[in-house]
Amino acid sequence: VADTWESLDGWLDAICLVYTIFARGKTDVLAGIITG
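Structure representation (C-alpha coordinates):
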(Lines of atoms letter the chains of each structure in order from A and count residues from 1; the text may use other names and numbers.)
(Lines give C-alpha, C1' and ligand atoms only; values in the text may rest on other atoms or scores of the structure.)
Protein backbone atom coordinates (compact mmCIF):
# COMPACT_ATOMS: atom_id res chain seq x y z
CA VAL A 1 0.00 0.00 0.00
CA ALA A 2 2.85 2.37 0.84
CA ASP A 3 4.33 1.92 -2.63
CA THR A 4 0.97 2.73 -4.18
CA TRP A 5 0.65 5.91 -2.13
CA GLU A 6 4.18 6.99 -3.03
CA SER A 7 3.40 6.38 -6.69
CA LEU A 8 0.16 8.34 -6.41
CA ASP A 9 1.96 11.17 -4.61
CA GLY A 10 4.49 11.31 -7.43
CA TRP A 11 1.70 11.48 -10.00
CA LEU A 12 0.00 14.29 -8.06
CA ASP A 13 3.26 16.25 -7.95
CA ALA A 14 3.72 15.79 -11.70
CA ILE A 15 0.13 16.83 -12.44
CA CYS A 16 0.45 19.91 -10.20
CA LEU A 17 3.69 20.87 -11.93
CA VAL A 18 2.19 20.50 -15.41
CA TYR A 19 -0.95 22.38 -14.37
CA THR A 20 1.13 25.21 -12.88
CA ILE A 21 3.21 25.52 -16.06
CA PHE A 22 0.06 25.37 -18.21
CA ALA A 23 -1.77 27.99 -16.11
CA ARG A 24 1.29 30.26 -16.04
CA GLY A 25 1.67 29.91 -19.80
CA LYS A 26 -1.97 30.88 -20.38
CA THR A 27 -1.53 33.84 -18.01
CA ASP A 28 1.56 34.97 -19.95
CA VAL A 29 -0.37 34.70 -23.21
CA LEU A 30 -3.29 36.70 -21.81
CA ALA A 31 -0.91 39.32 -20.41
CA GLY A 32 0.80 39.53 -23.81
CA ILE A 33 -2.55 40.07 -25.54
CA ILE A 34 -3.65 42.70 -23.01
CA THR A 35 -0.38 44.62 -23.00
CA GLY A 36 0.49 43.92 -26.63
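Using our numbering, the first residue of the sequence shown is number 125, and each one after it goes up by one. Quick reminder that beta carbons are idealized off the backbone N, C-alpha and C, glycines included. From a predicted model like this one, the values you see are computed outputs, not experimental measurements.
Spatial distance of residue i from residue j (CA atoms)
i: residue 151; j: residue 130; result: 31 Å
i: residue 159; j: residue 136; result: 34 Å
i: residue 147; j: residue 126; result: 31 Å
i: residue 157; j: residue 128; result: 43 Å
i: residue 139; j: residue 155; result: 24 Å
i: residue 145; j: residue 133; result: 18 Å
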